[in-house]
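K.L.:
Below are the structure tokens for one structure; questions will follow.
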Amino acid sequence: MSMVVGKRRWWGGVDLGVVMMIIILCNNYVKQSLELRSSHPLHGVVDRVNEKGGPYIGLVMAYPTEEIALEASALFVPNSHVPWLDLSGRRFNIGTIRGVNVIYVMTGEQTLNAGITVQILLDVFDIYGIVHYGTAGTANDSLSIGDVSVLNSVAFTGSWKWKEFQSEKGEFSELKFGTYNLPTMGGNLLAKIEFTGEQLYSIGQPMEKVFWLPIEPKWFSLASQLQDLKLQQCMNETYCLPETPKVVYGLKGSTADIFVDNTAFRTFLFKEFNVSTVDEESSAVVMTCLTNGVPCIVFRGVSDLAGEGEKLMTSAGSASCLAATNALSVAVEFIGLIGTAIPTHDH
Ligand SMILES: *[C@@H]1O[C@H](CO)[C@@H](O)[C@H](O)[C@H]1NC(C)=O
Ligand SMILES: *[C@@H]1O[C@H](CO)[C@@H](O)[C@H](O)[C@H]1NC(C)=O
Ligand SMILES: *[C@@H]1O[C@H](CO)[C@@H](O)[C@H](O)[C@H]1NC(C)=O
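According to this note's numbering, the sequence shown is numbered sequentially starting from 2.
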């Protein structure tokens, strides 16, 4: 693999001591050769991509509507020699946005797809950090369609202990199904679930149980400059939203392999965890970044109300387009900001 990647990670391990550093280097070496062994047909191409253009910003989205927003913007300029590489069924697109070297990839939906893809991106390419954008449902009544949330932390809310009927109150947040019985609340045999955290493994650290995954503080703070960004208000030539969408900074998000379209659960998530957006990938992207010690930021545009209120006057498709376009706008501005901070290598 390229010297560039090895060198950067070498310096990343400095304060862990020499022994640790050697271990990291060795592991790194082994991991990379497993990922793209020297006999892999793309081995040489990947080396050239890293040496000529690295380090890159990894731009990650989950599904076609979000990728189409990027294509439609024409902001991504593909590399004229190697515009893309296919690995494990994903297309890694190599180029620039606003003059910053970027590799973008669509992960596929839900946490496993997101985690796998970000890990490949980090293993194979010389990546400075990950920018993730996409659509989301909102659980916060103060957010409207088209608003973009700059997350400050995200939790995986799809992991729980399913408890016995009449069991003791647990240590963590619980959802009691009987509370939602009709016509009056009571009990039922599905009893309750207690939310549990995730296991975070990361370089040089023992495994840690976590619930909230933080966004990297320097990147998060840089993104505060994006709050006055002008976002798109119109779905098409004839239909515009009643209010101008806004960038909302520093809210919490939740992720699960669950599409939330239910008012009671939406309200529960907001009240119990203060989450403003719900999606199916963000926590996996952030966890993969934390595992690898790489900075990461998440921008999610509101495409639906997660089950609340009147059905929109607009088609779901056009709301998703607008949400994806607005989230992309914020991501692109951020790439412009971070671009000036990326160290360049002597090639
Ligand atoms: C949610 O936010 C409110 C204030 O906005 C705070 O009082 C409460 O402790 C928070 N709850 C959780 C679970 O973070
Ligand atoms: C809900 O969103 C608004 C922004 O529109 C924000 O000020 C508020 O703090 C959010 N609520 C919580 C609990 O995060
Ligand atoms: C514009 O969007 C609105 C709301 O989604 C829809 O009802 C209308 O048919 C669209 N008009 C055109 C010209 O696409």
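Backbone N, C-alpha and C fix where the C-beta goes; we use that ideal spot for every residue, glycine too.
#1: Could you pull out every unbroken beta strand (DSSP E) segment of at least 3 residues lying fully inside the region 169-215, listed in chain order?
#2: Measuring from the CB of phenylalanine 260, is there a heavy atom of ligand 1 at a distance below 7 angstroms?
#3: Along the chain, where does the alpha helix (DSSP H) that runs through aspartate 290 open and close?
#4: With a CB to CB cut of under 6 angstroms and the five nearest residues on each side skipped, what residues in its chain are close to threonine 345?
#5: Just the C-alpha distance for serine 321 and arginine 267, rounded to the nearest angstrom, thanks.
#6: Considering only residues of the same chain and omitting the five flanking positions on each side of leucine 122, which have a CB-CB separation below 8 angstroms?
#7: Looking at the structure shown, is phenylalanine 157 part of a helix, part of a strand, or coil, going by DSSP?
#8: May I have all residues whose beta carbon comes closer than 7 angstroms to any heavy atom of ligand 2, sorted in chain order?
#9: Just verifying my parser: in three-state terms, what is the DSSP assignment at glycine 90?
#10: Among residues of its own chain, excluding the 5 on either side of tryptophan 85, which ones have a beta-carbon nearer than 8 angstroms to its beta-carbon?
#11: What are the boundary residues of the alpha helix (DSSP H) that lysine 253 is part of?
#12: Spatial neighbours of aspartate 229 within its chain, please: C-beta separation below 8 angstroms, excluding the five flanking residues on both sides.
#13: Between which two residues does the alpha helix (DSSP H) harbouring serine 316 extend?
#14: Tell me, please, whether the region 327-347 touches the region 154-167 by the rule of three or more beta-carbon pairs shorter than 8 angstroms.
#15: With a threshold of 16 other CB atoms inside 10 Å of the CB of glutamate 282, please say whether the residue is buried or exposed.
#16: Which residues does DSSP pair with glycine 138 in a beta bridge?
#17: Pop quiz: isoleucine 146 and valine 303 are said to be a contact at Cβ under 8 angstroms. What is the actual Cβ separation, rounded to whole angstroms?
#18: Take glycine 138 and list the residues in its own chain whose beta-carbon comes closer than 6 angstroms to its own, dropping the five residues that flank it on each side.
#19: Using the Cα positions of glutamate 209 and leucine 201, report the straight-line distance between them to the nearest angstrom.
#20: When DSSP labels each residue in this structure, what does threonine 97 get in the three-state scheme?
#21: Per DSSP, what kind of secondary structure is proline 42 in: helix, strand or coil?
#22: Please say whether threonine 256 and alanine 285 have beta carbons closer to each other than 8 angstroms?
#23: Just to check my reading of the structure: phenylalanine 300 and tyrosine 57 have Cβ atoms closer than 8 angstroms, yes? What is that Cβ distance to the nearest angstrom?
#24: Out of curiosity, what's the CA-to-CA distance linking leucine 113 and leucine 152?
#25: Tell me the rounded alpha-carbon separation between serine 81 and glycine 100.
#26: Report the option in Val276, Thr341, Ser319 whose CA atom is closest to the CA atom of cysteine 235.
#27: Could you tell me whether any non-hydrogen atom of ligand 3 is closer than 7 angstroms to the CB of threonine 239?
#28: Does the distance from the CB of tryptophan 220 to the CB of serine 154 come in under 8 angstroms?
#29: According to DSSP, simplified to helix, strand and coil, what is proline 56?
#30: Do alanine 115 and serine 277 count as a contact pair if the criterion is CB distance below 8 angstroms?
#31: Using DSSP with H/G/I as helix, E/B as strand and the rest coil, what is lysine 162?
#32: Where does lysine 253 land, buried or exposed, given buried means 16+ other C-beta within 10 angstroms?
#33: Quick check: is any heavy atom of ligand 3 less than 7 angstroms from the C-beta of methionine 62?
#34: According to DSSP, simplified to helix, strand and coil, what is serine 81?
#35: For phenylalanine 126, does the three-state DSSP call read helix, strand or coil?
#36: Going by DSSP, name the residue or residues bridged to isoleucine 298.
P.N.:
Looking at the coordinates:
#1: 175-177, 193-196, 199-203, 206-211, 213-215
#2: no
#3: For the sequence presented, residue 290 should be read as cysteine rather than aspartate. Looking at the DSSP string, the run of the alpha helix (DSSP H) that includes cysteine 290 is 283-293.
#4: none
#5: 19 angstroms
#6: Gly59, Val61, Phe93, Ile104, Val106, Ile128, Ile131
#7: strand
#8: Asn141, Ser143, Leu144, Val249, Leu252, Lys253, Phe271, Asn275, Ser277
#9: coil
#10: Pro79, Arg92, Phe93, Asn94, Ile95
#11: Looking at the DSSP string, lysine 253 is not in any alpha helix (DSSP H); the run it does join, the beta strand (DSSP E), is 248-256.
#12: Val248
#13: Taken as a continuous stretch (DSSP letters only), serine 316 belongs to no alpha helix (DSSP H), as it is neither H nor E.
#14: no
#15: buried
#16: Val279, Asp305
#17: 6 angstroms
#18: Val261, Val279, Asp305, Ala307
#19: 5 angstroms
#20: strand
#21: coil
#22: yes
#23: Actually they are not in contact, since the Cβ atoms of phenylalanine 300 and tyrosine 57 sit about 18 angstroms apart, beyond 8 angstroms.
#24: 20 angstroms
#25: 14 angstroms
#26: Ser319
#27: yes
#28: no
#29: coil
#30: no
#31: strand
#32: buried
#33: no
#34: coil
#35: coil
#36: Val132
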